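Participant: There's a structure below that I have some questions on.
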Amino acid sequence: MIPYARQTIDEEDIKAVTEVLKGDYLTTGPKVAEFEQAFAAWVGAKYAVAVSSGTAALHLACLAAGINPGDEVIVTPMSFAASANCVLYAGARPVFADIESTGNIDPSQVEQAVTSSTKAVIPVHYGGLPFRMEEISRTAQKHGLTVVEDACHALGGEYRGSRIGSCRYSDMTVFSFHPVKHITTGEGGMITTNSQELYQKLVDLRSHGIVRELSRFEKESPGGWYYEMQDLGFNYRMSDIQAALGLSQLKKLPRFINRRRAIADRYSKSFKNLALELPGDTPEAKHAYHLYAVKVKAEAGIDRKKLYERLKEQGILAQVHYIPIHTMPYYRQNLGTGWGDCPVAEDHYHRVLSLPMYPGLTDDDVDRVIEAVTNAFRI
Ligand SMILES: *Cc1c(COP(=O)(O)O)cnc(C)c1O
Numbered sequence: 000m001i002p003y004a005r006q007t008i009d010e011e012d013i014k015a016v017t018e019v020l021k022g023d024y025l026t027t028g029p030k031v032a033e034f035e036q037a038f039a040a041w042v043g044a045k046y047a048v049a050v051s052s053g054t055a056a057l058h059l060a061c062l063a064a065g066i067n068p069g070d071e072v073i074v075t076p077m078s079f080a081a082s083a084n085c086v087l088y089a090g091a092r093p094v095f096a097d098i099e100s101t102g103n104i105d106p107s108q109v110e111q112a113v114t115s116s117t118k119a120v121i122p123v124h125y126g127g128l129p130f131r132m133e134e135i136s137r138t139a140q141k142h143g144l145t146v147v148e149d150a151c152h153a154l155g156g157e158y159r160g161s162r163i164g165s166c167r168y169s170d171m172t173v174f175s176f177h178p179v180k181h182i183t184t185g186e187g188g189m190i191t192t193n194s195q196e197l198y199q200k201l202v203d204l205r206s207h208g209i210v211r212e213l214s215r216f217e218k219e220s221p222g223g224w225y226y227e228m229q230d231l232g233f234n235y236r237m238s239d240i241q242a243a244l245g246l247s248q249l250k251k252l253p254r255f256i257n258r259r260r261a262i263a264d265r266y267s268k269s270f271k272n273l274a275l276e277l278p279g280d281t282p283e284a285k286h287a288y289h290l291y292a293v294k295v296k297a298e299a300g301i302d303r304k305k306l307y308e309r310l311k312e313q314g315i316l317a318q319v320h321y322i323p324i325h326t327m328p329y330y331r332q333n334l335g336t337g338w339g340d341c342p343v344a345e346d347h348y349h350r351v352l353s354l355p356m357y358p359g360l361t362d363d364d365v366d367r368v369i370e371a372v373t374n375a376f377r378i
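Numbering-wise (numbering that gives the first Met the number 0), the sequence shown opens with residue 0 and increments by one.
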């Protein structure tokens, strides 16, 4: 079976991890700092904070943004549950704004969803295609909202010449290093920002809200053992074992992205005459192809379920991204959302399918996928 996504690990990665195991630091140490610096430099941000997962990164970003009970935060329904759950962790209310045909949040729907309680907006670069950041940023400035980019799909993507993560149009950007993402640390995440204040909050909250710098104590230190817990934080630290893997993976990122884009190119050329809507770059955005998500057109004579099944019969395990978050039982029961709230996202869900996309796919694998998809439409 060819899966829709998979990590790419080589001997160099294995060596980087085993070297750490022989050293002094297993949890947060010099490798974490090195990974943060290299990552910040690569995306073009001032600061990067490594954490234990993309979900932890989203949670900390919400807290650093000062999101509190009673606040509303505008989110997309077309994402993984964590993109909206993070708002609930902070005690606030996620408000769903519908998407456009690309799968990205619709800026006009965001503008319409703003109320006097809105504090922030957390759009997702769906599949790896940067959302319309200039429009979102304009709305945010008009209403005084914080913008957190959920860039878990978009490492390596670009918007108007800037890499995703540079925070040119946002306050913070969040990444995940789950094995299906562009680079992996097993589990892991990162937040980038250009704000010294947000950076300090994120660092504090990552490790119990404990402060160890003399200059920040509320009273004079009684001795070398002393520290102060100044905020209610968490243990969301990344380990040096994970960071060593992340550093090793980061070196290969340009190659990984080129391979993803080359695979997308071959798919798009091969599928252009099928009844499918295909993903691709826009004039302002360069796609990072975390996903290659196609949408079955209404006139196709085959629906998404049939396509999924016919691919599975031929050894291709495609996946659906996503079941809209607002239709999940928890959201329906606790927030009163439901089918019908976001018609564009719901139509997207019914027609979308993610084909295999990862750097380890060989040219032969890609040929097999192309043949299987072509066959599925011929039967
Ligand atoms: C993967 C993902 C997350 C969660 O990341 P984890 O590292 O699995 O916690 C959040 N948002 C989106 C859009 C994702 O794809």
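For glycine and all other residues, C-beta sits at the position ideal for the given N, C-alpha and C.
Note that the structure is predicted; figures quoted are calculated from it, not measured.
(1) Give a single yes or no on whether His177 has its beta carbon closer than 6 Å to a heavy atom of ligand 1.
(2) What is the rounded straight-line gap between the Cα of Met237 and the Cα of Ala263?
(3) I believe Ala81 touches Leu57 by the beta-carbon criterion, under 8 Å. Please report the beta-carbon distance rounded to the nearest angstrom.
(4) Would you kindly report the start and end of the unbroken alpha helix (DSSP H) that includes Asp364?
(5) Within 10 angstroms of the Cβ of Arg211, are there 16 or more other Cβ atoms? Answer buried if so, exposed if not.
(6) Do you know how far the Cα of Pro342 is from the Cα of Gln108?
(7) Pick helix, strand or coil for Asn234, following the three-state DSSP scheme.
(8) Tell me the DSSP secondary structure of Gln313 in three-state form.
(9) Verify whether the separation of the beta carbon atoms of Pro323 and Tyr348 is less than 7 Å.
(10) Report the residue from Asp105, Ala150, Gln195 and Cys166 whose alpha carbon sits nearest the alpha carbon of Glu176.
(11) For the alpha helix (DSSP H) that contains Thr145, what are its first and last residues?
(12) Does the distance between the C-beta of Thr75 and the nearest non-hydrogen atom of ligand 1 fall short of 6 Å?
(13) Measuring straight from C-alpha to C-alpha, what distance separates Arg92 and His325?
(14) Please check the pair Tyr198 and Val48, which I expect to be a contact at CB under 8 Å, by giving their CB distance rounded to whole angstroms.
(15) Closer than 6 Å to a non-hydrogen atom of ligand 1 - does that hold for the CB of Thr373?
(16) Within 8 Å, do at least three Cβ pairs link the stretch 11-24 to the stretch 239-247?
(17) Whose C-beta lies closer than 6 Å to the C-beta of Pro2 among residues of the same chain, with five residues either side of it excluded?
(18) Identify the continuous alpha helix (DSSP H) that holds Ala63 and give its terminal residues.
(19) Hey, would you say the C-beta of Gly185 is under 6 Å away from at least one heavy atom of ligand 1?
(20) Put Thr17 into one of helix, strand or coil per three-state DSSP.
(21) Would you mind sorting Arg205 into buried or exposed? The rule is 16 or more other CB atoms within 10 Å of its CB.
(22) With DSSP as the reference, label Arg379 as helix, strand or coil.
(23) Buried or exposed: Arg159, going by 16 or more other Cβ atoms within 10 Å of its Cβ?
(24) Checking the sheet assignment: what are the DSSP bridge partners for Met228?
(25) Classify Gln241: buried if its beta carbon has 16 or more other beta carbons within 10 angstroms, exposed otherwise.
(26) DSSP three-state call for Tyr24: helix, strand or coil?
(27) Going straight from the alpha carbon of His286 to that of Val202, what length do you get?
(28) Within the continuous alpha helix (DSSP H) that includes Glu345, where are the two ends?
(29) Going by Cα to Cα distance, which pick from Gly127, Gln6 and Pro122 is closest to Ala139?
(30) I'd like to know whether the C-beta atoms of Val42 and Gly126 end up nearer to each other than 7 Å.
(31) From Arg260 to Asp366, what does the alpha carbon distance come to, in whole angstroms?
(32) Would you kindly work out how many angstroms separate the C-alpha atoms of Asn193 and Val368, rounded to a whole number?
(33) Reducing DSSP to helix, strand and coil, say where Ala153 ends up.
(34) Just how far apart, CA to CA, sit Phe233 and Leu62?
(35) Answer yes or no: the CB of Ser161 versus the heavy atoms of ligand 1, is any distance below 6 Å?
Facilitator: Here's the rundown:
(1) yes
(2) Going from the Cα of Met237 to the Cα of Ala263 covers about 32 Å.
(3) The pair is a contact, with the Cβ atoms about 6 Å apart (cut-off 8 Å).
(4) Asp362 to Arg377
(5) exposed
(6) 12 Å
(7) strand
(8) coil
(9) yes
(10) At residue 176 the sequence reads Phe, which differs from the Glu that was named. Checking every option, the nearest Cα to that of Phe176 belongs to Ala150.
(11) Careful: Thr145 lies outside any alpha helix (DSSP H), inside the beta strand (DSSP E) at Thr145 to Asp149.
(12) no
(13) 12 Å
(14) 7 Å
(15) No - ligand 1 has no heavy atom lying nearer than 6 Å to the Cβ of Thr373.
(16) Taking 8 Å as the limit for Cβ pairs, the verdict is that the stretch 11-24 does touch the stretch 239-247.
(17) Leu316
(18) Gly53 to Ala63
(19) no
(20) helix
(21) buried
(22) This structure leaves residue 379 out entirely; the chain is present only between 0 and 378.
(23) exposed
(24) Ile209
(25) buried
(26) It is coil, neither helix nor strand.
(27) 30 Å
(28) Pro342 to Arg350
(29) If we check each option's Cα against that of Ala139, Pro122 comes out closest.
(30) no
(31) Rounded to whole angstroms, Arg260 to Asp366 spans 15 Å at the Cα level.
(32) 41 Å
(33) coil
(34) Answer to the nearest angstrom: the Cα atoms are 11 Å apart.
(35) no
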